[in-house]
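*Asks:*
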Amino acid sequence: MDDLNNLLHGFSVAATLPNLGYMLVGILLGVLIGVLPGLGGANGVAILLPLTFSMDPTTAIIMLSCIYWGALFGGAITSILFNIPGEPWSVATTFDGYPMAQRGQAAQALTAAFTSSFVGAVFATLLITFLAPLLARFALRFGPAELFAVQLLTFCSFVGMSREAPVKTLIAMLLGFALAAVGLDDMTGQLRMTFGFTEMLKGFDFLIAVIGLFGMGEILLTMEEGLAFKGQSARISPRVVLQTWWQLLRHWKTFLRSMAIGCWMGITPGGATPASFMSYGVARRMAKNPDDFGKGEMAGVVAPETAAHAAGTAALLPMLTLGIPGSPTAAVLLGGLVIWGLQPGPMLFTEHKDFVWGLIASMYLANIVGLLVVLSTVPFWAAILRIPFAIIAPVIIVTCAIGAYTVHSSMFDVYLMLGFGVLGYLFKKLKYPMAPLVLALVLGDKAEANFRQSMLLSQGHLGIFWSNGLVGSITVLALLMLLWPLLDLAKGWARRREGLAA
Amino acid sequence: MSETDGAEAADQEAAARPGDWQQRWVESLMALLLLGLAGLVIMDSLRLGTGWADDGPRSGYFPFRIGLALAACSAWLLLKQLLVWRRSRGEVFAERGQLRDVAAVLLPTTVYVALIPWLGIYLPSALLIAWFMWRQGRYGWPMLLGLPPAISVFLFLLFERWFVQPLPKGPLEHWLGF
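Chains Z and D supply the protein sequences, listed in that same order.
Just so we're aligned: the first sequence equals residues 1 to 502 in my numbering.
Just so we're aligned: the second sequence equals residues 1001 to 1178 in my numbering.
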């Protein structure tokens, strides 16, 4: 009951006129970012983060999270109208969304996508409302060993659940940790891996990495693929919306399954992209008409959009309660919180109640605002996409450079951003996942500090990670996740042996 | 997406044409680069001390182990690539034309970034946008002279006036009195 009161209080914090205004601005910027190739949720928020330094933290995080919701909505527009996923998590939406648009049902497809996103997000927000306080209270008892175990679990589940080669996931993660270690060691005051360069003193800021990897890298990739926008136009009338909502009621089972998949993948750091693919796959397997998928089946739009938005929202649950982001964008939001002096984690719920509940309340409001905004502004966004790439591309490059510069007002960061851009292009082409790199860069220092503190407590015995039931089971789960790919390898090997024998 | 997949599969059967980058080379060089980075991490950790001091693990303790694991993983990747070296002959990383497109973005951007410390950010931004519009979009002079400066002025107002975030400025801005 106490939490419900807190939530109501949160609404009074979030629903002030200036906050609602920033919410709208955030949503519009977010949809723009989601529509444009090369700008995504993570780097969009990273670029705009320095601009909010002067704002009140609650207002700033409301606006930044709204950019994220907007980007989640916006990805669907390009997928359905142009067959170009504006975001990685909307790739699965193109499979059935674009065929629907080709058949002249663009409005229905868009309505289905937006509504699914909305339902997924609201469900995940409900989950956060009721689960986050419990989890935070539980996490208050965590010591450094438990925290390290949870961080270990985060990273191991990347290896276990990644769609890329496990070795490459590991490499991306280790590289992130190595980059995070560069600079001043807080515990001993020694300089690490600076090799005499003063610019390296402050280490690598993950915001720069995000802008480079996801922004510049994406532009290079888009250029290589030779992008040309040729698409369907759409206008959504209220009548079509109501008709589509009526049709959507029949897909309630798909909604439920996709929400469950999305929330699970969001809390464990699977993220929105694998969630959308997994949800699409499950929907097709469970459907009575699997052959219709890929030809314009509405369930094929509902499933990935619901899951992606549920995952994107649920990723904030571990971020707020444990200080562990469930996605790169959540990591950027976490970076923002730290800059404003709000240390994410269980203490946030006791020390900054206004902030936490304001944010949660804003998630309900923002998704309602977002749904209305996207439903009414689709033609406008489709028009933006008709601006030639020869103008959009350099503007995005300039935006990335400015974004990188404003983080610390440092020119060195702009060079780094360009370097990370090339790395991002190579990583994407060679199928190295980038999310583990970013998360390791964010959590590296904290994971190391927790590890060293645990080692101090135990006088250097690794046994501390098995010293009680709680930390032991988390550690075992983490190691299981790490060894998961080996299990697959063994299974494949056994199957091949059988094949040879038969 | 499925159309490009089909094209890629066809490419893999055909041998790489001159000017194309082969997948196996890029893959191996990347693994080598990572191996080198791991070497740097390990080297510096050894300097800092990887063991145990009176007050707990020393500065190199954690990075040393990260470096070792990174070295092991990239060595494994390199070895795997070398084992299938002959078989992966035809796999193309990027075709010549694609590489040219990437260079068409990367080189101007590098020049752009290199110019910022000298000329500030606003003038090079306008030049970059104009360059792209001319090379990629074949725009005429009226557009080239109109739009890029307009965008720069908009950026100037946005950052210097509204957000009060000073960005690098060069001789042009100083001459104009900012």
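Every residue gets a Cβ at the ideal spot worked out from N, C-alpha and C, and that includes glycine.
Quick one: grab the DSSP three-state call for Z:Leu-184.
*Replies:* Here residue 184 of chain Z corresponds to residue number 184 of the first sequence, with the count starting at 1. Strand.
*Asks:* Taking only beta-carbon positions, decide if D:Ala-1094 is within less than 8 angstroms of chain Z.
*Replies:* Here residue 1094 of chain D corresponds to residue number 94 of the second sequence, with the count starting at 1. D:Ala-1094 counts as touching chain Z.
*Asks:* What number of angstroms, rounded off, separates the C-alpha of Z:Ala-149 from the C-alpha of Z:Leu-170?
*Replies:* Stepping through the first sequence from its first residue, residue 149 of chain Z is reached at position 149. Stepping through the first sequence from its first residue, residue 170 of chain Z is reached at position 170. Cα to Cα, Z:Ala-149 sits roughly 17 angstroms from Z:Leu-170.
*Asks:* My output table needs one value for Z:Lys-295: the three-state DSSP class, helix, strand or coil.
*Replies:* To locate residue 295 of chain Z, count along the first sequence from 1; it is residue 295. Three-state DSSP puts Z:Lys-295 in coil, outside helix and strand.
*Asks:* Z:Lys-446 touches chain D at which residues, Cβ-Cβ below 8 angstroms?
*Replies:* Counted from its first residue, the first sequence places residue 446 of chain Z at position 446. Those within 8 angstroms of Z:Lys-446 in chain D number zero; the least Cβ separation is about 12 angstroms.
*Asks:* What residues in the stretch 176-190 of chain Z have a beta carbon less than 7 angstroms from any beta carbon of chain D?
*Replies:* Residues Phe-177, Ala-178, Ala-181, Asp-185, Thr-188 and Gln-190.
*Asks:* Is the stretch 302-317 of chain Z close to the stretch 116-130 of chain Z, with three or more CB pairs under 8 angstroms?
*Replies:* With a cut-off of 8 angstroms, the stretch 116-130 of chain Z and the stretch 302-317 of chain Z count as touching, because enough Cβ pairs lie within range.
*Asks:* Cβ of D:Val-1026 within 8 angstroms of Cβ of D:Leu-1070?
*Replies:* Here residue 1026 of chain D refers to the residue found at position 26 when the second sequence is read from its first residue. Here residue 1070 of chain D refers to the residue found at position 70 when the second sequence is read from its first residue. Cβ distance not < 8 angstroms, so D:Val-1026 and D:Leu-1070 don't count as in contact.
*Asks:* Ignore the nearest five residues each way along the sequence and tell me which others in Z:Ile-324's own chain have a CB closer than 6 angstroms to its CB.
*Replies:* Within the first sequence, the letter at position 324 stands for residue 324 of chain Z. Thr-154 and Pro-318.
*Asks:* By the DSSP assignment, the alpha helix (DSSP H) with D:Val-1113 in it spans what residues?
*Replies:* The residue you call residue 1113 of chain D lines up with position 113 of the second sequence. Counting along the chain, the alpha helix (DSSP H) containing D:Val-1113 begins and ends at 1096-1119.
*Asks:* Expressed to the nearest angstrom, what Euclidean distance is found between the alpha-carbon atoms of Z:Leu-64 and Z:Leu-48?
*Replies:* Locating residue 64 of chain Z in the first sequence gives position 64, where the first residue counts as 1. Locating residue 48 of chain Z in the first sequence gives position 48, where the first residue counts as 1. Cα-Cα distance, rounded: 8 angstroms.
*Asks:* DSSP puts Z:Arg-192 in a beta bridge; with which residues?
*Replies:* Here residue 192 of chain Z refers to the residue found at position 192 when the first sequence is read from its first residue. Answer is Z:Gly-183, bridged to Z:Arg-192.
*Asks:* Buried or exposed: where does Z:Phe-177 fall if 16 or more other Cβ atoms within 10 Å of its Cβ makes it buried?
*Replies:* For the purposes of this step, residue 177 of chain Z is identified with residue 177 of the first sequence, where counting begins at 1. Per the 10 Å Cβ criterion, buried.
*Asks:* Which residues share a DSSP beta bridge with D:Ala-1053?
*Replies:* Taking the first residue of the second sequence as 1, we reach residue 1053 of chain D at position 53. Answer is D:Gly-1056, bridged to D:Ala-1053.
*Asks:* Rounded to the nearest angstrom, what separates D:Leu-1037 and Z:Leu-179 at their Cα positions?
*Replies:* Start at 1 with the first residue of the second sequence, and residue 1037 of chain D comes out as number 37. Start at 1 with the first residue of the first sequence, and residue 179 of chain Z comes out as number 179. D:Leu-1037 and Z:Leu-179: Cα-Cα distance of roughly 10 angstroms.
*Asks:* Can you tell which of Z:Ala-71, Z:Phe-412 and Z:Leu-152 has the C-alpha that lies nearest to the C-alpha of Z:Gly-472?
*Replies:* By 1-based counting over the first sequence, the position of residue 472 of chain Z is 472. Measuring from the Cα of Z:Gly-472, the nearest candidate turns out to be Z:Leu-152.
*Asks:* Check the C-beta distance from Z:Gly-300 over to Z:Ala-283 and give it rounded, since I have them as a contact under 8 angstroms.
*Replies:* Looking up residue 300 of chain Z in the first sequence gives position 300. Looking up residue 283 of chain Z in the first sequence gives position 283. Yes, they are in contact, since the Cβ atoms of Z:Gly-300 and Z:Ala-283 sit about 7 angstroms apart, within 8 angstroms.
*Asks:* What are the boundary residues of the alpha helix (DSSP H) that includes Z:Trp-245?
*Replies:* Indexing the first sequence from 1 puts residue 245 of chain Z at position 245. Residues 238-248.
*Asks:* Measuring only the C-alpha atoms, how far is Z:Thr-406 from D:Ser-1152?
*Replies:* Position 406 of the first sequence holds residue 406 of chain Z. Position 152 of the second sequence holds residue 1152 of chain D. Going from the Cα of Z:Thr-406 to the Cα of D:Ser-1152 covers about 16 angstroms.
*Asks:* Have a look at Z:Val-31, Z:Leu-7, Z:Ala-14 and Z:Tyr-22 and flag the residue whose alpha-carbon is nearest the alpha-carbon of Z:Phe-380.
*Replies:* In the first sequence, counting from the first residue as 1, residue 380 of chain Z sits at position 380. Closest option to Z:Phe-380, Cα to Cα, is Z:Val-31.
*Asks:* Would Z:Trp-340 and Z:Ala-60 qualify as a contact pair, given that the criterion is a beta-carbon distance under 8 angstroms?
*Replies:* Start at 1 with the first residue of the first sequence, and residue 340 of chain Z comes out as number 340. Start at 1 with the first residue of the first sequence, and residue 60 of chain Z comes out as number 60. Yes, the pair counts as a contact, with Cβ atoms nearer than the cut-off.
*Asks:* Using a Cβ-Cβ cutoff of 7 angstroms, what residues of the stretch 40-74 of chain Z are near chain D? List them in chain order.
*Replies:* Going along the stretch 40-74 of chain Z in chain order, one finds Pro-50 and Leu-51 with a Cβ nearer than 7 angstroms to chain D.
*Asks:* Within 10 Å of its beta-carbon, does D:Arg-1024 have 16 or more other beta-carbons around it, so buried, or fewer, so exposed?
*Replies:* Residue mapping note: residue 1024 of chain D aligns to position 24 of the second sequence, counting from 1. With 16 or more other Cβ atoms within 10 Å, it is buried.
*Asks:* Tell me the residue span of the alpha helix (DSSP H) that contains D:Asp-1044.
*Replies:* Position 44 of the second sequence, counting from 1, holds the residue named residue 1044 of chain D. D:Asp-1044 -> alpha helix (DSSP H) spans 1023-1048.
*Asks:* By alpha-carbon positions, which one of D:Ala-1075, D:Leu-1106 and D:Trp-1175 ends up nearest to D:Trp-1131?
*Replies:* For the purposes of this step, residue 1131 of chain D is identified with residue 131 of the second sequence, where counting begins at 1. Of the listed residues, the one whose Cα sits closest to D:Trp-1131 is D:Leu-1106.
*Asks:* Going by DSSP, what residue range makes up the alpha helix (DSSP H) through Z:Ile-77?
*Replies:* Along the first sequence, one-based indexing puts residue 77 of chain Z at 77. Taken as a continuous stretch (DSSP letters only), the alpha helix (DSSP H) holding Z:Ile-77 covers 57-82.
*Asks:* Quick one: what does DSSP say Z:Phe-412 is sitting in, helix, strand or coil?
*Replies:* The residue you call residue 412 of chain Z lines up with position 412 of the first sequence. DSSP places Z:Phe-412 in helix when its eight states are reduced to three.
*Asks:* Along the alpha helix (DSSP H) that carries Z:Asn-6, what are the first and last residues, could you check?
*Replies:* Mapped onto the first sequence, residue 6 of chain Z falls at position 6. 2-14 is the span of the alpha helix (DSSP H), which, as asked, contains Z:Asn-6.
*Asks:* Closer than 9 angstroms between beta carbons: that is the criterion. Which residues of the stretch 414-431 of chain Z meet it against chain D?
*Replies:* Under the 9 angstroms Cβ criterion, the stretch 414-431 of chain Z contributes Val-414, Tyr-415, Met-417, Leu-418, Gly-421, Val-422, Tyr-425, Leu-426, Phe-427, Lys-429 and Leu-430.
*Asks:* Shorter than 8 angstroms from the beta carbon of D:Leu-1040 to some beta carbon of chain A?
*Replies:* The structure shown contains no chain A; the protein chains it does contain are Z and D.
*Asks:* For the alpha helix (DSSP H) containing Z:Pro-388, list its first residue and its last residue.
*Replies:* Residue numbering aside, residue 388 of chain Z sits at position 388 when the first sequence is read from its first letter. Element bounds for Z:Pro-388: n/a, residue is neither H nor E.
*Asks:* Short of 8 angstroms in beta carbon distance, which residues of its chain neighbour Z:Ile-267, apart from the five on each side in sequence? Order them along the chain.
*Replies:* Looking up residue 267 of chain Z in the first sequence gives position 267. If we look at Z:Ile-267 and ignore the five residues flanking it on each side, its Cβ neighbours are Ala-314, Ala-315, Leu-317, Pro-318 and Gly-326.
*Asks:* Taking Z:Ala-287 as part of the alpha helix (DSSP H), name the residues at either end of that continuous run.
*Replies:* For the purposes of this step, residue 287 of chain Z is taken as the residue at position 287 of the first sequence. From DSSP, Z:Ala-287 is part of no alpha helix (DSSP H); its letter is neither H nor E.
*Asks:* Are the Cβ atoms of Z:Asn-43 and Z:Phe-214 separated by less than 8 angstroms?
*Replies:* Within the first sequence, numbered from 1, the residue matching residue 43 of chain Z stands at position 43. Within the first sequence, numbered from 1, the residue matching residue 214 of chain Z stands at position 214. Contact flag set, yes.
*Asks:* State the beta-bridge partners of D:Lys-1169 as determined by DSSP.
*Replies:* If you number the second sequence from 1, residue 1169 of chain D lands on position 169. In DSSP, D:Lys-1169 forms a bridge with D:Gly-1120.
*Asks:* Compute the distance between the beta-carbons of D:Gly-1067 and D:Leu-1048, then report whether it is under 8 angstroms.
*Replies:* Reading the second sequence from its first residue, position 67 is the one you call residue 1067 of chain D. Reading the second sequence from its first residue, position 48 is the one you call residue 1048 of chain D. Not in contact: D:Gly-1067 and D:Leu-1048 (Cβ atoms no closer than 8 angstroms).
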